[in-house]
Structures are given as structure tokens and as C-alpha cells.
Amino acid sequence: MNWDSLRERLPLSGDEGSDASDGTSEGTDAPVRTDGRTTDGRRVTRRRALTALGTVGFAGGAKALDNVVVGYGILEGTNLLDQNLATVVGERLQPRSTWTSVRGQELVFDDGVAFLEGDGVDESLDLATATRGDARALDEELGLSLFEPLVADHDVLAAMVDENAADVDGVRFEFSTYEPFFERVREGDARPGAVARLRENRYTDVDSATVAAFADADPREPEAVVDGLVGAFREHTSYDIPRYAAGSVEDNVLLGSVDLRQQFESPTTFEALEDGRNSGLFCYEFVYRSVEALHSVSAYEQTTPVFGGRVHDERHKHAYTAIGSVLREGDELVIPMTFVDYTHSTLYDDLALRGVMGRGLEAYNDRHRATDIYWNN
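Per this note's numbering, the sequence shown runs over residues 23 to 399.
Spelled out as C-alpha cells, the structure:
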């Protein structure tokens, strides 16, 4: 693609800086400044951005086609089924200083010490030095089954701080599509405390009632939330194609000389989705909302305790959702994982392109790849 030639031909029809203009004024060949204006003072507004997109959209479209079709291992590249996926998942996965709730009491993890406070309870336990017998005695006193599993799992989790989780003795990853994933967690010895320690509190600001209303699903049932978000996203929003096209032209044609994306930005919170202020989501925004939904209740309240994260595919400039849990099997912590993609379930189904560019919600397949997975972003 001859980007220089495209940039020379890029028209930005003058509209005197108003989105309400009828667009009949003469165009300009004046160069564009980084503040969104041409050097003769004309501002690049949404209408002018759309004009530009219409003229050079095929350039961004060619790049978009490359971003969603090529590089998954057919002609070149790789995919989740062929990658050493455990190493990618385990690179940043580790226990964190965090907090959650257990039966209305606050459970805080800080530097390997667990603190339980509330409703007349004020207890702490050093998970590194306490024995399982110590923890069991405390559980019996409190009428809980809380501290003993935390002590039992601590050494393995703590080892994940200093090395890739895939290399830690006593950790085993399993990968599957999302329905078998949830069945595996339901049937196993789930460890909500370990799940809570692997969650990042960046995703805990959304009220569970908001999620329940939006997804028409009980947040205590993660599989129902995963399914419910498909219809909810399609009802309340869409993939932001104009903003994507603007970004493609901005990056590949204008080389960042004009901020076209800003003309298409809108609020992306659950509230904005419901009240109509949102005009579309990017792939990473689908991820943020989905992880917020999964983290909106304590892992101790969930029928299948889960943690979520953002998968980044550098080759395709794409993001989608990782979902994991923790099970105890003998001396091992098993970490089952699955992946879902609300960009595919929203955009490609809407455009009837599912067979070509995506396969619905499922992302553990040969049409996805992972460069990095972030649990705190």
C-alpha cells in the first residue's frame, strides 16, 4: 500500500469547524497540525473526519482485513491452540495485595498476611508461617472454612511472585472452551480464596446490581453473566466501527498528524451503555466491562469462582477476555482457563461475517492468539 500517495490525495472538506455544516464549502490542501487544525485554522471535526474516512477507507479497510484474517497460523503466525499458552498466561499471574468479602466481613490480603474484620471479628493469620492445624482451629472458632485452604495454597501461590506461574512446581494449567471450563470448575474443589488473591481490584468498582440489570443475569453465576453479556452488548452498544476506521486512517495514512479518534469518543461505562450516551466500544472496552461484571461479587459468593484479565494480541492489535479459576487436586493447584471475545460476538455476528472473521463468543480457537495477558490493567 502506497501510504505517501494516499496522504497526498487525502481531502478534508472545509466545513468552517461545524458539524452542522452542509459540507458544501471548498476543500483545502493545507497541512494539518497536531492540535486537530489545518495550518489555515480549520478544525478537523467529526464531519470532516467522516469525509476523510470515506475517501481513504479502503486503506484502513485493507489494514483491518489484515488485522482480523491473517497471522493465525494458516499462512503465517500462530494461535491459542498452537502456542505455549501456559507460559503466556503465567508471565504476570501472581497473588496480589487485595481485598474481598466473606459473609459480610472484609478479608484483606497484604504481604502474605490475611486479615478478617467485621461483625465482631478481628483476626489475622500469617499464611507463610501458620500451620494448617492453626488455620483449622481458627476456622472452627469462627464457624468458617476459610483460613485452612488459604494456608494450604499459600506456598504455591507465593512462588508465582518470583517466577512464571507455568514454571512453579505444583501449578498446572488447563485450557478449554468456556462451557467445559465452567463444568470443570463446578465439579472440582474450587478455591475461592486463591481466586480472590489472583484478582486485581482495578475491576471492582461496579455494583453487582448494575451488572445484574445490564446482563439480565445473577453475578453470583459467572457462566450466566458470560452468556448474558452477549445479548446485552448487542442490545445496548456495538463495535465502534467509525472510531476504528478513524484510528486506522490516523495511524496508517496520516501517521498520527491528526487526532481523528477524538471525534468519535463517547463514555463507555455500564451507565453510559444503558442510557444511550455510548456510541460504541473498542475491543479492550468490551474486555474491561466483562471483567468488571465477573468481579462485581466476591469469589466466595460465586458458584464457580473466577478471575479475569485482558489478552493482548500485538500482531492484530486486538484484545479479548481471559477467564480463570483455581482448583485443588492433591498437592497441585490446577488453574483452568478459557477465553471469550465480545468483539466477535457483537461485531461479526451483526455483520454476518462470523464464518469469515470470527466464531461468536468462543475465543479458545485457531482464530485468536496471545502476545501478553494483563491481570491489572
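Every residue gets a Cβ at the ideal spot worked out from N, C-alpha and C, and that includes glycine.
Here the structure is a predicted model, which is why all the values come from computation and not from measurement.
- Query: Would V328 be called buried (16 or more neighbouring beta carbons within 10 Å of its own) or exposed?
  - Reply: buried
Can you give the Cα-Cα distance for C305 and I345, rounded to whole angstroms?
-> 16 Å
Reduced DSSP category for G126 - H, G, I as helix; E, B as strand; rest coil:
coil
In this structure, how does DSSP classify H390 when only helix, strand and coil are distinguished?
coil
ask   = For R114, which residues of its own chain have a beta-carbon under 7 Å away from its beta-carbon, when the five flanking residues on both sides are left out?
value = I395, Y396 and W397
Note to self: Between which two residues does the alpha helix (DSSP H) holding R194 run?
What the structure shows: Unbroken run through R194 is the beta strand (DSSP E), V193 to F197; no alpha helix (DSSP H).
- Query: G346 by DSSP, collapsed to three states: which one?
  - Reply: strand
- Query: Within this structure, are the beta carbons of L403 and A212 separated by less than 8 Å?
  - Reply: The question about residue 403 has no answer here: the residues shown for the chain are numbered 23 through 399.
>> By the DSSP assignment, the alpha helix (DSSP H) with G215 in it spans what residues?
In response: P214 to L220
Rounded to the nearest angstrom, what separates V78 and S301 at their Cα positions? Any answer about V78 is weak, because its pLDDT of 47 lies below 50 and its placement is not dependable; what the coordinates show is given next. Roughly 22 Å between the two C-alpha positions.
Item to complete: State the CB to CB distance for the pair E293 and L282, rounded to an integer number of angstroms; the pair is presumed to be in contact (CB under 8 Å).
Response: Not a contact, Cβ separation roughly 26 Å.
Q: Would you grab the beta carbon distance between N101 and R389 for me? Rounded to a whole angstrom, and I think it's under 8 Å.
A: 7 Å
Quiz prompt | Buried/exposed call for L160, threshold 16 Cβ in 10 Å | solution = buried
Item checked: Complete alpha helix (DSSP H) runs within the segment 196-277 (minimum length 4 residues, chain order) -> 200-209, 214-220, 230-237, 244-258 and 263-274
Q) Less than 8 Å separating the beta-carbons of Q105 and A392? A) yes
- Message: Given this structure, state the Cα-to-Cα distance separating T259 from V193, to the nearest angstrom.
- Response: 39 Å
>> Only counting the same chain, and skipping five residues up and downstream in sequence, which positions put a Cβ closer than 7 Å to that of E296?
In response: F236 and H258
* To do: For E307, I'd like the list of residues in its chain whose CB is within less than 7 Å of its CB, leaving aside the five on either flank, ordered along the chain.
  => T290
inquiry  = Quick check: the Cα distance between A216 and G331, rounded to an integer number of angstroms?
reply    = 15 Å
Next item on the list: Please go through the same chain and pick out, in chain order, the residues whose beta-carbon is closer than 8 Å to the beta-carbon of S318, but skip the five residues on each side of it.
Entry: T226, V228, D229, S230, T232, V233 and P241
| Are there 16 or more other CB atoms within 10 angstroms of the CB of Y386, so buried, or fewer, so exposed? | buried
### Query
Below 8 Å between beta carbons: does that hold for T343 and V313?
yes
- Item | Which of helix, strand or coil DSSP assigns to E185 | coil
- the segment 173-184 touching the segment 142-156, judged by at least three CB pairs closer than 8 Å: yes
Q: Determine the closest residue to S167 out of I263, L138, G269 and G382, with distance taken between C-alpha atoms.
A: L138
- prompt: How long is the line joining the alpha carbons of L383 and A157, rounded to whole angstroms?
  reply: 41 Å
For T365, the nearest candidate out of I357, V356, H340 and E351 (CA to CA) = H340
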